[in-house]
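Let me begin by presenting the structure, written as structure tokens, before commenting on it.
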């Protein structure tokens with residue numbers, strides 16, 4: 120089942136996030152049972168060559184795969200799709216023109232201006248053609264700026280926008296709110312609710328970056344349908360920390376006789392958004 124088909128069911132979905140430049144970790148994420156996985160080339164440590172082999176690894180698992188591109192440019196979007204992504208998440212969409220540019224870049228003529236060259240996307244798929252690609256590829260725009268919120272209605276009115284993905288951290292920063300994925304600030308929550316309501320009015324799927332089961336279920340219950348649960352880097356760090364803590368608690372382990380410095384805050388379990 121493609122991600123579009125899954126989203127068309129209306130069921131809430133849970134996604135995994137890849138920030139580590141590794142085909143092996145990508146395959147592990149794909150085999151873990153997520154409804155979809157996103158390769159993050161914006162804030163993840165992943166270049167084009169690494170993204171391409173990660174897409175190959177994920178295709179083995181059958182898990183639908185997205186790519187978050189670093190910026191809204193044709194070369195970023197087209198190369199991700201040509202390499203086999205089922206859709207793109209595009210950051211910092213501020214107005215209808217930005218959204219329209221994404222749609223035009225993702226879709227082949229007559230719906231857009233995408234250049235023909237699916238060097239890997241069509242591999243082993245004799246039925247691949249411009250019409251089938253236009254029907255299956257997903258356009259997901261990020262709302263995370265003040266302009267994006269102010270122009271929400273016109274962005275959602277652009278034909279071809281399939282989903283919105285909220286970046287809570289940048290959304291908070293843009294509005295002078297302390298950034299958080301575990302949203303507690305009333306203004307922050309109001310902004311996230313406002314975006315959801317706009318999506319519902321326009322029949323556009325609403326997605327959001329989360330960092331725990333609690334935040335995922337919170338936004339599911341509100342109406343969000345694409346929620347990221349965790350990243351490869353976050354899961355590795357959490358598991359390592361938990362295992363080390365368990366080992367350090369053993370009575371045979373000598374306890375240091377010095378005051379320990381507090382741990383430096385690191386990335387959330389779902390990466391950055």
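In this note's numbering, the protein residues as written are 120 to 392.
Even glycine gets a Cβ: it sits at the ideal position worked out from N, Cα and C.
Given residue i as reference, the closest of the options once Cα atoms are compared
i	options	result
residue 128	277, 166 and 345	345
residue 337	231, 308, 230 and 204	308
residue 407	365, 180, 319 and 288	Since the displayed the chain opens at 120 and closes at 392, residue 407 lies outside it and no answer follows.
residue 247	296, 157, 313 and 205	205
residue 176	189, 266 and 140	140
residue 200	240, 210, 213 and 290	240
residue 299	157, 211 and 327	327
residue 315	339, 332, 303 and 304	339
residue 317	334, 297, 280 and 289	280
residue 169	142, 193 and 356	142
Contact under 8 Å by Cβ, residue i with residue j
i	j	result
residue 225	residue 277	no
residue 183	residue 121	yes
residue 133	residue 154	yes
residue 138	residue 351	yes
residue 310	residue 268	yes
residue 390	residue 353	yes
residue 135	residue 348	yes
residue 293	residue 250	no
residue 186	residue 158	yes
residue 324	residue 164	no
Three-way DSSP call (helix, strand, coil) for residue i in this model
i	result
residue 318	helix
residue 350	strand
residue 310	helix
residue 267	helix
residue 212	coil
residue 159	strand
residue 256	coil
residue 224	helix
residue 355	helix
residue 235	coil
residue 171	helix
residue 366	helix
residue 187	strand
residue 192	coil
residue 149	helix
residue 121	coil
residue 133	strand
residue 199	helix
residue 277	coil
residue 332	helix
residue 325	strand
Distance, residue j Cα to residue i Cα
i	j	result
residue 322	residue 286	20 Å
residue 148	residue 234	31 Å
residue 392	residue 160	12 Å
residue 238	residue 198	9 Å
residue 131	residue 301	19 Å
residue 144	residue 152	14 Å
residue 124	residue 364	42 Å
residue 303	residue 330	14 Å
residue 232	residue 210	20 Å
residue 312	residue 367	43 Å
residue 332	residue 370	32 Å
residue 217	residue 372	57 Å
residue 167	residue 146	17 Å
residue 188	residue 162	9 Å
residue 193	residue 254	19 Å
residue 356	residue 236	38 Å
Presumed contact (8 Å Cβ cut-off) between residue i and residue j, rounded CB distance
i	j	result
residue 252	residue 227	6 Å
residue 208	residue 259	5 Å
residue 220	residue 191	6 Å
residue 215	residue 274	6 Å
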